[in-house]
Amino acid sequence: MREITQILSALAHKRPIFHSEADFQHALACEIERQVPNARVRCGMPIPLSNRRNRIFIDIYASYEGAILAIELKYTTRGLVVPIGDEWYELKNRAAQDLDRYDFMEDIERLEQLISEYPDKNITGYAILLTNDSALWEPPSKSLNPVDADFRLYEGREVHGILQWGAHASERTKKNRERAIRLRGKYRLQWTDYSQIGPGHQFRVLVVKVTPEGIGIGH
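The working numbering applies: residue 591 is where the sequence shown begins, and numbers increase by one.
1) Which same chain residues, not among the five before or five after Thr721, have their C-beta less than 6 Å away from its C-beta?
2) Going along the chain, which unbroken runs of the beta strand (DSSP E) with 3 or more residues stay wholly within the stretch 752-804?
3) From the DSSP output, read off the bridge partner residues of Val672.
4) Considering just the uninterrupted stretch of the beta strand (DSSP E) at Ile807, what are its terminal residues?
5) Starting from Asp649, trace the beta strand (DSSP E) in both directions and tell me its first and last residue.
6) Pull up the distance between the alpha-carbon of Val795 and that of Thr782, whole angstroms please.
7) Rounding to the nearest angstrom, what Cα-Cα distance links Leu773 and Glu803 in this structure?
8) Quick check: the Cα distance between Ala739 and Asp723, rounded to an integer number of angstroms?
9) Roughly how many angstroms separate the alpha carbons of Arg762 and Ala685, rounded to a whole number?
10) What does the alpha-carbon distance come out to for the pair Glu662 and Thr595?
11) Pull up the distance between the alpha-carbon of His603 and that of Asn641, whole angstroms please.
12) In this structure, how does DSSP classify Tyr708 when only helix, strand and coil are distinguished?
13) Going by the CB atoms, is the gap between Val672 and Gly790 shorter than 8 Å?
14) Out of Val800, Asp688 and Glu696, which has the shortest C-alpha to C-alpha gap to Asn735?
15) Measure the C-alpha to C-alpha separation of Arg742 and Gly756 and round it to an integer number of angstroms.
16) Note the first and the last residue of the continuous beta strand (DSSP E) segment covering Arg632.
17) Measuring alpha carbon to alpha carbon, tell me which residue in Arg643, Pro729, Phe608 and Val800 is nearest Glu680.
18) Can you tell me which of the three DSSP states Ala686 falls into?
19) By alpha-carbon positions, which one of Arg624, Lys682, Val798 and Asn628 ends up nearest to Gly715?
Here is the structure:
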């Protein structure tokens, strides 16, 4: 199966921007089907855990010739109103970068859990974040002590181990995201350009690959 970065590059020429995360999910799933015609592709795939009482829902699940691709994706935006072809895009200004960072790290953790549950299934996971918000890929100011320092996604950072909110994070900030994230693997964060929508509106994508070897279980 082709690398997901190649599939994303092909998709960018057709769809440089999306209306929503669901739109991105559907478009990426369709692109995988186009490039890997014999793959079985599903969106929102429920996968039972070993206790059979809980399940993991995977955004995109693709199987092909004994290999499985599991993709978790995020599409978070700054406000943008722009026509592309015969479509009008009105993107919301989410302005919740701390939560976006936490959620992306949680996606990596979820993929690690899936691979750990099924070590014999030849699963490769990808956590994908597509955004036009430069605050997500730029390093923080050295003068700041952000509450989400552990979850920062800036270029070149290596993430691993226990990631948690800073001591001064408010209960409102942490609501429904209180627990620490625990990553077994080590991941170097590398952003790449996805598309340019006119002057000053750049979309970039962060792709983190999760493998059995990377989390220490091998095949």
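Think of the CB as a built atom: it goes at the ideal place given N, C-alpha and C, for glycine as much as any other residue.
Let's see:
1) Position 131 of the sequence shown, counted from the start, is the residue given in the question as residue 721. Counting only Cβ-Cβ distances below 6 Å, and skipping sequence neighbours, we find Thr666.
2) Runs of the beta strand (DSSP E) inside the stretch 752-804: 771-778, 781-786 and 792-800.
3) Here residue 672 is taken as the residue at index 82 of the sequence shown, counted from 1. Per DSSP, Tyr679.
4) Within the sequence shown, the letter at position 217 stands for residue 807. From DSSP, Ile807 is part of no beta strand (DSSP E); its letter is neither H nor E.
5) If you number the sequence shown from 1, residue 649 lands on position 59. Start and end: Arg645 to Tyr654.
6) Looking up residue 795 in the sequence shown gives position 205. Looking up residue 782 in the sequence shown gives position 192. Their backbone Cα atoms lie some 5 Å apart in a straight line.
7) The sequence position of residue 773 within the sequence shown is 183, counting from 1. The sequence position of residue 803 within the sequence shown is 213, counting from 1. About 14 Å.
8) Your numbering for residue 739 matches position 149 in the sequence shown. Your numbering for residue 723 matches position 133 in the sequence shown. About 17 Å.
9) To locate residue 762, count along the sequence shown from 1; it is residue 172. To locate residue 685, count along the sequence shown from 1; it is residue 95. Taking the straight line from one Cα to the other gives about 15 Å.
10) Numbered from its first residue, the sequence shown carries residue 662 at position 72. Numbered from its first residue, the sequence shown carries residue 595 at position 5. Those two C-alpha atoms are separated by around 14 Å.
11) Your numbering for residue 603 matches position 13 in the sequence shown. Your numbering for residue 641 matches position 51 in the sequence shown. Straight-line Cα distance between these residues: approximately 43 Å.
12) For the purposes of this step, residue 708 is identified with residue 118 of the sequence shown, where counting begins at 1. Reduced to three states, the DSSP call for Tyr708 is coil.
13) Along the sequence shown, read from residue 1 onward, the residue named residue 790 stands at position 200. Along the sequence shown, read from residue 1 onward, the residue named residue 672 stands at position 82. No, they are not a contact pair.
14) Stepping through the sequence shown from its first residue, residue 735 is reached at position 145. The option with the nearest alpha carbon to Asn735 is Asp688.
15) Here residue 742 refers to the residue found at position 152 of the sequence shown. Here residue 756 refers to the residue found at position 166 of the sequence shown. Whole-angstrom Cα-Cα distance: 12 Å.
16) In the sequence shown, residue 632 corresponds to position 42, counting from 1. Boundaries of the beta strand (DSSP E) harbouring Arg632: Arg630 to Pro638, taken from the DSSP string.
17) On the sequence shown, position 90 is the one that residue 680 refers to. Nearest of Arg643, Pro729, Phe608 and Val800 to Glu680, Cα basis: Phe608.
18) Here residue 686 refers to the residue found at position 96 of the sequence shown. Note: Ala686 maps to coil in three-state DSSP.
19) In the sequence shown, counting from the first residue as 1, residue 715 sits at position 125. Comparing C-alpha distances from Gly715 to each of Arg624, Lys682, Val798 and Asn628 shows the shortest one belongs to Val798.
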